[in-house]
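Undergrad: Sending over a structure as structure tokens; questions will come in a sec.
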Amino acid sequence: MSPRGNELVQMKGVSKRFDQKVDPVAWIARTLGSRTGSEFVQAVDDVNLFVREGEVLGLVGESGCGKSTLGRMLAGLIEPTSGEIFFDGRNISDRRNGDSRKLALRMQMIFQDPFASLNPRKRVKDIIGEAPRVHGIVARDQLDSYVEELMSKCGLDPAYRNHLPHQFSGGQRQRIAIARALAVKADFIVCDEIVSALDVSIQAQILNLFMDLKSEHRLTTLFISHDLGVVEHVSDRVAIMYLGRVVELADTEELFGNPLHPYTRGLLDEVPSLDRRGVQFAAIEGEIPSPLDPPSGCQFHPRCPFASDICRKVAPQSIERHPGHFISCHHPPTEQREAN
Amino acid sequence: MRSVAEPTLQVTDLRTHFFTRAGLVRAVDGVSFTVGRGEIVGIVGESGSGKSVTGFSIMGLIDSPGRVVGGRIAFRGKDLVALAEEDMRKLRGNRISMIFQDANTALNPVIRVDTQLIEAVRAHRGVSVDEARGIAIEGLKLVGIPAPEKRMKSYPHEFSGGMRQRLAIALAFVNQPDLIIADEPTTALDVSIQAQILHETQKLCRERGTSLVWITHDLTVVAGLADHICVMYAGRLVESGPVDDILDNPQHPYTCGLIGSIPSVNSRKKRLFQIPGTAPPLLALKEDCAFRERCPRASKTCAKAPPESKLGPRRMVRCFHPGSDGDDRHPAPAGRRAGTLPQ
């Protein structure tokens, strides 16, 4: 699978494992022969994904499924444990590589919490203007007008350029964060739950701003969210993650119109919406398993109504059921019907 | 919905103010609504709209510098505002309970679950420890906690977030109250866990005829759950009515805006309707309509506080220019400024 031309970002068999630091007591216990299990979290497990140029890929999953870790790897903030990440055809998995440092500027990330992601001691003009100044993207004498232009583009009054982050509301801070990502002329943006900390009316403002900027700058985006309604609204394609693996991937319309994986179906059934009134809420049974001790085989099997023996033993491979519609399941719907 | 002779809860013109050093904060200013027996009422609003303070006022949990300065909270005919603290304690956790957003703060982290549940039962009922234990186990079963006898011996931190919220719900339901105030109990939870909690709460209320006030910022959650919706903005009730009326035929421009700004199947790839600006700081509220600065229908009349207009027996809107016209929902012009800075 070589890049087919218009893929800007590509992940091949990418995994990320977080090992727990061995504390002295556990180390002694282990050397003395105690069978304390190895402590690690497989946050992302063998993920193959690509994002086309100008596309918004939505990434949905519940807490702890590894969606933020995946986003951080794609933004180049952390290195994968194994596997390769390509950006514009070049391997960026190894951060020590000078080439990938240069490429890092073209990948930016916008974070969930606008209160934690902006330096509280810096003025807005420095938050937005520092990176382009350091990297020589704009000349020093044009920096002020450059920052002002970005601020107006993001719906902020340039008159506030000397204000500090605490003087802004949550929605306005998120606008500053977006302006900061645009300031270095990024091609690829990872949006990690950018609207989930905001009120509904402010959320709509930020989503509209994002859609405008996206089409204006032809931004390629990985849009991470747990909110299926928001993801459906902004994405071209959607990937569903469960405990570190991508279980289903398809075009937005296909995924929401014809979900195949039992987890996706369960999730879609559970999304409250304005048109579902006085409903009897039914729910996927059970809890999300701990990533410290994930289930064997298909990780969804303890909660899956269709689980069988093979699901408990073998992890399903990703198959392309329809063109562009990938699913990792031993019992996708049609087989289920034949079996009955 | 059953017809009711006497509603479980009748809040009339409730006003809760906070006397802070910075000035007077009218967090709740003239809120009225009714909850019938077995009815689920959703209170919807954004942060700072006063929805939680309304819940705390009903529970009698407003601390200094805040005070309920006016209005009536009639619980089965009895006015809770005038009630002595001692009598309020007898009701709280017994006839009225509350489920909080953060189950961690609702449960004592250093006391085992069984001790906490048994204490809650014994505080209000003259039963033995063993009987109380039985009632508590029954309560855990009801909210769907597996192996309740075993889990009773655990501490709150040994439960997951969703399970902990179930514990808090069990604690609220254990004395079979007539009224439960739920303050954003599913906001911190994942979608699949949220659905489970909604399922359990809804089932318990329907089975036992318990009335429920569900406070949330999420209109979509109450759409599926509630019978009646109250929309709050800047400390005031701006609109209330039966679920279908509010969602299909909203009258207040704020409600129209809220509904329009929720992404849906039809909005895919289009611009969402956006309410410009941000909610006003409660410290600087004037006598005018608080939504005026953000409102597309604002006119000179809006400089006065709009009165409540009754549209039906339980349908109210507080606006000089009510109407559910689609004109408001056209997309706002691109690049519109995001209001002014809160000072």
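Chains as they are written, first to last, in this note's numbering: chain G, 250 to 589; chain X, 1082 to 1424. From the three backbone atoms N, C-alpha and C, an ideal C-beta is built for every residue, glycine too. The structure presented is a predicted model; accordingly, all values stated were derived computationally and were not measured.
With C-beta atoms as the reference, is residue 377(G) less than 8 Å away from residue 420(G)?
TA: No. Outside cutoff.
Undergrad: For the region 452 to 465 of chain G, list every residue whose C-beta sits within 8 Å of some C-beta in chain X, in sequence order.
TA: Per Cβ criterion, the list reads 452, 453, 454, 456, 457, 460 and 461.
Undergrad: Alpha carbon to alpha carbon, how far is residue 307(G) from residue 485(G)?
TA: If you take the alpha carbons of residue 307(G) and residue 485(G), they lie about 7 Å apart.
Undergrad: Given a cut-off of 8 Å on the beta-carbon distance, is the pair residue 480(G) and residue 499(G) in contact?
TA: Not closer than 8 Å, so no.
Undergrad: With a Cβ-Cβ cutoff of 8 Å, do residue 1140(X) and residue 1179(X) count as a contact?
TA: Yes, the Cβ-Cβ distance between residue 1140(X) and residue 1179(X) is below 8 Å.
Undergrad: Go ahead and pull the three-state DSSP assignment for residue 1402(X).
TA: It is coil, neither helix nor strand.
Undergrad: Using Cβ-Cβ distances below 8 Å, what residues of the region 410 to 440 of chain G are close to chain X?
TA: Under the 8 Å Cβ criterion, the region 410 to 440 of chain G contributes 412, 416, 417, 418, 420, 421 and 424.
Undergrad: DSSP state of residue 444(G), grouped into three classes?
TA: Note: residue 444(G) maps to coil in three-state DSSP.
Undergrad: Suppose the cutoff is 6 Å on Cβ atoms and the five residues either side in sequence are ignored; what does the same chain contact list for residue 1412(X) look like?
TA: Because the pLDDT at residue 1412(X) is just 40, under 50, the model does not fix this residue reliably, and the value given afterwards should be weighed accordingly. If we look at residue 1412(X) and ignore the five residues flanking it on each side, its Cβ neighbours are 1352.
Undergrad: List the residues of chain X whose Cβ lies closer than 7 Å to the Cβ of residue 387(G), in chain order.
TA: Going along chain X, no residue has its Cβ under 7 Å from residue 387(G), so there is no contact; the nearest lies around 21 Å.
Undergrad: Nearest-angstrom Cα distance between residue 530(G) and residue 1379(X)?
TA: Rounded to whole angstroms, residue 530(G) to residue 1379(X) spans 39 Å at the Cα level.
Undergrad: Could you check the C-alpha separation between residue 1371(X) and residue 1279(X) for me, to the nearest Å?
TA: Using only the alpha carbons, I get a separation of about 32 Å.
Undergrad: Starting from residue 1093(X) and walking both ways along the alpha helix (DSSP H), at which residues does that stretch end?
TA: Looking at the DSSP string, residue 1093(X) is not in any alpha helix (DSSP H); the run it does join, the beta strand (DSSP E), is 1090 to 1101.
Undergrad: Step through the CB atoms of chain X and report whether any lies within less than 8 Å of the CB of residue 588(G).
TA: With a pLDDT of only 40 at residue 588(G), under 50, the local geometry of the prediction cannot be trusted, and the value read off the model is given with reservation. Output row for residue 588(G): interface = no.
Undergrad: How is residue 574(G) classed by DSSP in three states: helix, strand or coil?
TA: The answer is strand: DSSP assigns residue 574(G) an E or B state.
Undergrad: Whose C-alpha, out of 1223(X), 1182(X) and 1132(X), is nearest the C-alpha of residue 1283(X)?
TA: Minimum Cα distance to residue 1283(X) is reached at 1223(X).
Undergrad: Please state if the CB of residue 1138(X) and the CB of residue 1116(X) are separated by a distance shorter than 8 Å.
TA: No, the Cβ-Cβ distance between residue 1116(X) and residue 1138(X) is not below 8 Å.
Undergrad: Look at residue 1334(X) and residue 1291(X) and say whether their C-beta atoms are less than 8 Å apart.
TA: No, they are not a contact pair.
Undergrad: Which whole-angstrom value is the C-beta distance of residue 1154(X) and residue 1095(X), which I expect to be below 8 Å?
TA: Yes, they are in contact, since the Cβ atoms of residue 1154(X) and residue 1095(X) sit about 6 Å apart, within 8 Å.
Undergrad: At a Cβ cut of 8 Å, what residues of the region 520 to 548 of chain G count as close to chain X, listed as they run along the chain?
TA: Cβ contacts with chain X: 520, 521, 522, 523, 524, 525, 526, 527, 528, 529, 530, 531, 532, 533, 536 and 537.
Undergrad: Of the residues that make up the region 307 to 328 of chain G, which ones have a beta carbon closer than 7 Å to any beta carbon in chain X?
TA: Cβ contacts with chain X come from 311 and 312.
Undergrad: On the premise that residue 403(G) lies in contact with residue 372(G), defined as a C-beta separation below 8 Å, what is that separation, rounded to the nearest angstrom?
TA: About 16 Å; that fails the 8 Å criterion.
Undergrad: Just reading off the beta strand (DSSP E) that residue 1221(X) is part of, what are its end residues?
TA: First-last for residue 1221(X): 1210 to 1223, but that is the alpha helix (DSSP H), not the beta strand (DSSP E).
Undergrad: From this set, 360(G), 491(G), 560(G) and 478(G), which residue's C-alpha is nearest residue 502(G)'s C-alpha?
TA: The shortest Cα separation from residue 502(G) among 360(G), 491(G), 560(G) and 478(G) belongs to 478(G).
Undergrad: With a threshold of 8 Å between beta-carbons, can residue 482(G) be considered close to chain X, or not?
TA: True, the Cβ-Cβ gap to chain X drops below 8 Å.
Undergrad: Check whether the region 310 to 317 of chain G and the region 1266 to 1273 of chain X are in contact - that is, three or more C-beta pairs closer than 8 Å.
TA: Yes: the two stretches touch, three or more of their Cβ pairs being nearer than 8 Å.
Undergrad: Give a yes or no on whether the C-beta atoms belonging to residue 1134(X) and residue 1097(X) are separated by under 8 Å.
TA: Yes; because the gap between Cβ atoms is below 8 Å, this pair is in contact.
Undergrad: Establish whether the CB of residue 1411(X) and some CB of chain G are separated by less than 8 Å.
TA: For residue 1411(X), the predicted structure reports a pLDDT of 41, less than 50, and the residue's modelled location is therefore unreliable. A value from the coordinates is still provided. For residue 1411(X), the answer is no, since every Cβ of chain G falls outside 8 Å of its Cβ.
Undergrad: Rounded to a whole number of angstroms, what is the C-alpha to C-alpha distance between residue 438(G) and residue 444(G)?
TA: Between residue 438(G) and residue 444(G), the C-alpha separation is close to 15 Å.
Undergrad: For residue 1354(X) and chain G, any beta-carbon pair shorter than 8 Å?
TA: Yes, residue 1354(X) lies at the interface with chain G (some Cβ there is under 8 Å from its Cβ).
Undergrad: Among all the DSSP beta bridges, which residues are the ones paired with residue 416(G)?
TA: Partner(s): none; residue 416(G) has no beta bridge.
Undergrad: Run through the region 254 to 326 of chain G for me and flag every whole alpha helix (DSSP H) of 4 or more residues, listed as ranges in chain order.
TA: Whole alpha helix (DSSP H) segments, 4+ residues: 273 to 280 and 316 to 323.
Undergrad: Could I get the ranges of all uninterrupted alpha helix (DSSP H) runs contained in the region 471 to 535 of chain G, with 4 residues as the minimum, in chain order?
TA: Qualifying alpha helix (DSSP H) stretches, in chain order: 477 to 483, 501 to 506 and 511 to 519.
Undergrad: Checking the sheet assignment: what are the DSSP bridge partners for residue 1284(X)?
TA: Paired residue(s): none; residue 1284(X) is not in a bridge.
Undergrad: For residue 429(G), tell me which candidate among 356(G), 418(G), 471(G) and 495(G) has the shortest Cα-Cα distance.
TA: When only C-alpha atoms are compared, the closest one is 356(G).
Undergrad: Mind pulling the chain G residues with CB within less than 8 Å of residue 1325(X)?
TA: Those within 8 Å of residue 1325(X) in chain G are 526.
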